[in-house]
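Reading through the structure tokens given below for one structure.
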Amino acid sequence: MAGVAAVKAAAAEVPTVKAAIAGVAAVKAAAGRAGALFAVSAVLTAALVLPWPLGGAPSPLGGARAPSRAWTLVVSAPHEDGERFRSTVVPGDTFTLTYVHSVSRSVVSGSFRITDDALIEPVDTVFRSFGPGLPWTPGAEVDRLEDGAMVVRHDEPPRREIRVWVSPLTLDRLSLGPHEIDLTAGADRATLIDIRVRGGDPF
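Residue numbers for the sequence shown follow our numbering, so the first one is 63 and each next one is one higher.
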């Protein structure tokens, strides 16, 4: 009996188990007061207030909570050797494209977010010197970081894919969670890269 009591005490410390125990207690009390119909209602109420561990899944890239659906971010070179990289993503995950600007030779990075509709939304671009192709025009508001870098925050509609030309001269890379992919590995010339989200099956 002491062993059983110890197991019950340990289980009671787990949030989801505590909620389940509370639900069972509510059912018993309800059954004693108003019969089976009220008891079923109490069960449904207890189920709705259970914490996340029974109602979702952790993001493959980390984080405390993720929606109950996941997709696949696919990076490919359609005119070359096909797929380069794939990884599971969920809404809210972000990835970054980084390259060395061909004129200023400074590092430029752009961040993107996966939306609830499995689209790719531009978030911001960070750069340290002005040059052709950078998202800045005279009079535009540019945030400055403590290290002197400039940040332009985008207000653009999400898109189904991103297509970029990468080159061994610009050292293009993609960062997604713990993954860092060299988009120019093995290339001896400019290559077209396609980035898109595929799938949409629930966990």
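Glycine included, C-beta positions come from ideal geometry on N, C-alpha and C.
CB contact below 7 angstroms: D155 versus chain C: The chain labelled as chain C is not found in the depicted structure, where only one protein chain is given.
Comparing C-alpha positions only, which one of V136, R190, L159 and I176 sits nearest to P220? I176
Is the CB-CB distance between A252 and S237 below 7 angstroms? no
Residue ranges of each beta strand (DSSP E) run of no fewer than 3 residues wholly in the segment 142 to 170, ordered along the chain? 144 to 151 and 156 to 162
Give me, in chain order, the residues of the same chain whose beta-carbon lies closer than 6 angstroms to that of L135; leave out the 5 immediate sequence neighbours on both sides. S149, V151 and V259
Which residues share a DSSP beta bridge with A139? G144
Enclosing beta strand (DSSP E) for D178 [first to last residue]: Careful: D178 lies outside any beta strand (DSSP E) and carries neither H nor E.
Considering just the uninterrupted stretch of the beta strand (DSSP E) at D234, what are its terminal residues? Counting along the chain, D234 falls outside any beta strand (DSSP E), and DSSP gives it neither H nor E.
For H216, which of helix, strand or coil comes out of DSSP? coil
Quick one: what does DSSP say D209 is sitting in, helix, strand or coil? coil
Nearest to T187 by CA position, among A132, T160 and D178, is which residue? T160
According to DSSP, is P230 helix, strand or coil? coil
Would you kindly check if the distance between the Cβ of V162 and the Cβ of T232 is under 7 angstroms? yes
Rounding to the nearest angstrom, what Cα-Cα distance links P153 and R167 in this structure? 34 angstroms
What is the DSSP secondary structure of T246, counted as helix, strand or coil? coil
Chain-order list of residues whose beta-carbon lies under 7 angstroms from that of R222 (same chain, five-residue window excluded): L181 and R258
For R251, the first and last residue of its enclosing beta strand (DSSP E): That residue, R251, is in no beta strand (DSSP E); it is neither H nor E in DSSP.
What is the DSSP secondary structure of R221, reduced to helix, strand or coil? strand
From S138 to A211, what distance separates their C-alpha atoms? 30 angstroms
Comparing alpha-carbon positions, which option in R190, R146, E218 and D155 lies nearest D209? R190
If you draw a straight line from the C-alpha of I243 to the C-alpha of R215, how long is it? 24 angstroms
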